[in-house]
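K.L.:
Oh and the sequence shown: position 134 is 118 in the working numbering, straight run, nothing missing. For each residue, glycine too, the CB sits at the ideal point set by N, CA and C.
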Amino acid sequence: MRLDKYLSIAGMGSRKDVKKIIRQKRVKINGAVSVDDDVHIDPYTDEIRVDDQILEVVLDVYIMLNKPQGVVSATSDELHKTVLECIEYTLPPGCFPVGRLDIDTEGLLLITNDGELSHRLLSPKRKVDKVYYVECRDIIDEKTVDILQSGVDIDDETLTLPAQVELLSEISMNLTIREGRYHQVKRMLSACGNQVTYLKRIKMGPLSLDDDLALGSWRFLSETEVEQLKKG
């Protein structure tokens, strides 16, 4: 990675600001002053100091966001705030949300720059569990539960995979699905003659939404959580 890019990721300013810092001989690589902004460094093994302070930059990103409504699951959008803009941290290039939550859906969203992990979690072949808390307009009757647990015709080529239903009240449930089709939960309930009024993802694979994470807040995953995701 170029030195100037690394310093920008570390929050040292714009590319122009960074070049100025380097040329002022304020940057050291492994103890030696560097005045070349285009020199390549290894961010994992080289020690980079600015004004004799070691820079610690997170390059491998694994973030849990409690997504609020009104925010889109995208890296950029001309009309709406994106989930990346919820992260008050200078992210390295290549970060993206793993999968999508609708603009009016809340809850667990993983943001990372690990493409391999994203593929593992989203691959239809792996059938990773995704658990949603669902509130409905009408009572969730036995017929609806039976249909959800058997597979629903949502006007795709095939029925949805059988879901797991945990009823919480007459109009609310935890619904576990193993796919990620477009508007899937809403379409499943619509096909049953009902309507989703509130939707929140609370779990994806082994990762559960942190109960202490306020809506719109985020945190880095722990090493244990990252290991569990990679194993799953």
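Do the CB positions of residue 129 and residue 149 come within less than 8 Å of each other?
P.N.:
Closer than 8 Å, so yes.
K.L.:
Return the first residue and the last residue of the alpha helix (DSSP H) that residue -11 is part of.
P.N.:
Looking at the DSSP string, the run of the alpha helix (DSSP H) that includes residue -11 is -13 to -7.
K.L.:
Quick one: using the 10 Å Cβ neighbour count with 16 as the cut-off for buried, is residue 14 buried or exposed?
P.N.:
Exposed.
K.L.:
Helix or strand or just coil, what does DSSP make of residue 136?
P.N.:
Residue 136 falls in the coil class under three-state DSSP.
K.L.:
Name the residue from 169, 181, 23, -5 whose alpha carbon lies nearest to the alpha carbon of residue 41.
P.N.:
Of the listed residues, the one whose Cα sits closest to residue 41 is -5.
K.L.:
Is it right to say residue 8 is buried, meaning 16 or more other beta carbons lie within 10 angstroms of its own, or is it exposed?
P.N.:
When all chains shown are included, residue 8 counts as exposed.
K.L.:
Counting C-beta neighbours from all protein chains within 10 Å, is the total for residue 118 16 or more, i.e. buried, or is it exposed?
P.N.:
It is buried - the Cβ of residue 118 has at least 16 other Cβ atoms within 10 Å.
K.L.:
Kindly identify the DSSP beta-bridge partner or partners of residue 96.
P.N.:
According to DSSP, residue 96 bridges with 46, 80.
K.L.:
Which first and last residues belong to the beta strand (DSSP E) in which residue 210 is found?
P.N.:
Run containing residue 210: none in the beta strand (DSSP E); it sits in the alpha helix (DSSP H), 207 to 215.
K.L.:
Taking all protein chains shown into account, decide if residue 123 is buried (16 or more other Cβ within 10 angstroms of its Cβ) or exposed.
P.N.:
With fewer than 16 other Cβ atoms within 10 Å, it is exposed.
K.L.:
With DSSP as the reference, identify every bridge partner of residue 120, one or two as the case may be.
P.N.:
Answer is 180.
K.L.:
Which word fits residue 184, buried or exposed, when buried means at least 16 other C-beta atoms lie within 10 angstroms of its C-beta?
P.N.:
Its Cβ being crowded by 16 or more others within 10 Å, residue 184 is buried.
K.L.:
Is the beta carbon of residue 45 less than 8 Å from the beta carbon of residue 79?
P.N.:
Against a cut-off of 8 Å, the Cβ pair of residue 79 and residue 45 comes out as a contact.
K.L.:
Going by the beta-carbon positions, is the gap between residue 106 and residue 83 smaller than 8 Å?
P.N.:
Contact flag set, yes.
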